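Chemist:
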């Protein structure tokens, strides 16, 4: 079996787990939680990191931290795993779905057009609010999802939202280690907006078995995230809670695994780069027009190539045909997610001129991209595809 994406443990995972179990600290209190947070913070060059129990928890908490309330609206790409959309729903807020660009990230031109033609910005009591003209609801936030290792054009998006008081939340679950370059300085995905969110699920470039993280350079946001993630405890002796809180902190066992994984992050990224190059070398481009993570300006963006996507222009070939052929040879692959504006819980929510997302989904297949993938396995996959 060649899996789509499986974790690999080649470092100190067992050693740190044994230390964790021997210490007796296996819940949210323990040295590995703080060590993991500090190492991630240092690696990504962000001031603060708060380790949580899932990527979805980090998205939910991030929305609360930027002030999303019931009835508010949040802009989100239609092409994304459903987690950020569900997180909006948890707060009884509403998503506004926008289109994607050729790299499966939210289309900056779509944002520009929507903001320009479908919103109004007003000042009340010295505060700025941006309203959706159609619904007259306040747009509180935009979630940018950096899909498959690619980085959205977040610098341009920040310029579009300047003076709009629309907070930017980055979902960098699939792009831990991806970055943009500005004057030779690396700025990592997840550290550019108001809040970044990570996931350490089993299929991510580094895993803690489960888990997530909030990233920010804002001390007030960080402190509030700690408070909310630990049941909003105001007095730990008398157990006084002045707000509704959540049990969202990462436990010490997860952090022990995550820390060991992080120690090998550069090795993982290098292997991912090689896997992407092997695919490009062995798949017949004339048949498939294969490309993924071909950033519009490679001197500006760097992708970790978390997942390789086969793109094809031949309308006679459907994603399911490719998936079925690979499955016959015991090779796992999958569709790109069904666009969320077509998902049953969200089909009645507002969508703005979505065209490219549907085309991307109908002409894309996710290919095996595990660290354990070697040249011979990639050649096997390529040979099957080239014969279609």
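Residue numbers (our numbering): 12 to 399. Note that the Cβ used here is the ideal one computed from N, Cα and C, for glycine as well. If you're wondering where the values come from, they're calculated on a predicted model, not measured in any experiment.
1. How many Å lie between residue 134 and residue 173 at the Cα?
2. Return the Cβ separation of residue 119 and residue 168 in integer angstroms, given the expectation that the two are a contact with Cβ distance under 8 Å.
3. Using a Cβ-Cβ cutoff of less than 6 Å, which residues in the same chain neighbour residue 18 once the five nearest sequence positions on both sides are dropped?
4. Closer than 8 Å by C-beta to residue 395: which residues in its own chain qualify, once you throw out the five before and the five after it? Chain order, please.
5. Would you report the Cα separation of residue 332 and residue 364, rounded to the nearest angstrom?
6. Mind checking which residues open and close the beta strand (DSSP E) that includes residue 208?
7. Kindly indicate which residue of 347, 329, 38, 59 has the alpha-carbon position closest to the one of residue 318.
8. How long is the line joining the alpha carbons of residue 105 and residue 84, rounded to whole angstroms?
9. Which residue wins for smallest C-alpha separation from residue 132, given the options 262, 176, 390, 153?
10. Among the candidates 322, 258, 99, whose CA atom is the shortest distance from the CA of residue 375?
11. Using a Cβ-Cβ cut-off of 8 Å (strictly less than) and excluding sequence neighbours within five positions of residue 329, which residues of its own chain qualify?
12. Assuming residue 88 contacts residue 109 (C-beta within less than 8 Å), just tell me the rounded distance between them.
13. Looking only at its own chain, which residues have a Cβ that is under 6 Å from the Cβ of residue 232, when we skip the five neighbours before and after it?
14. Shortest alpha-carbon distance to residue 199 belongs to which of 255, 226, 359?
15. Closer than 7 Å by C-beta to residue 183: which residues in its own chain qualify, once you throw out the five before and the five after it? Chain order, please.
16. Using the C-alpha atoms, what's the distance from residue 262 back to residue 61?
17. Between residue 307 and the rest of its own chain, which residues show a CB-CB distance below 7 Å, the 5 nearest in sequence each way excluded?
Modeler: Taking the coordinates as given:
1. Note on geometry: alpha-carbon atoms of residue 134 and residue 173 lie some 14 Å from one another.
2. About 5 Å; that satisfies the 8 Å criterion.
3. If we look at residue 18 and ignore the five residues flanking it on each side, its Cβ neighbours are 213, 218.
4. Cβ within range, chain order: 336, 337, 340, 342.
5. So the alpha carbons of these two residues sit roughly 29 Å apart.
6. Note, residue 208: beta strand (DSSP E), 206 to 210.
7. Looking at the Cα atoms, 347 is the closest of the given residues.
8. Straight-line spacing of the CA atoms in residue 105 and residue 84 works out to 5 Å.
9. Sorting 262, 176, 390, 153 by C-alpha distance to the C-alpha of residue 132 places 176 at the top.
10. Answer by Cα proximity: 322.
11. Non-local beta-carbon contacts of residue 329 in its own chain, meaning distances under 8 Å to residues more than five positions away in sequence, involve 373 in chain order.
12. With a Cβ gap of about 6 Å, residue 88 and residue 109 count as contacting.
13. Hits under 6 Å: 76.
14. Measuring from the Cα of residue 199, the nearest candidate turns out to be 226.
15. The answer, listed in chain order, is 157, 200, 201, 207, 208, 209.
16. Roughly 12 Å separates the two Cα atoms.
17. Because the pLDDT of residue 307 is 47, which lies under 50, any placement of that residue in the model is unreliable, and the question is left without a value.
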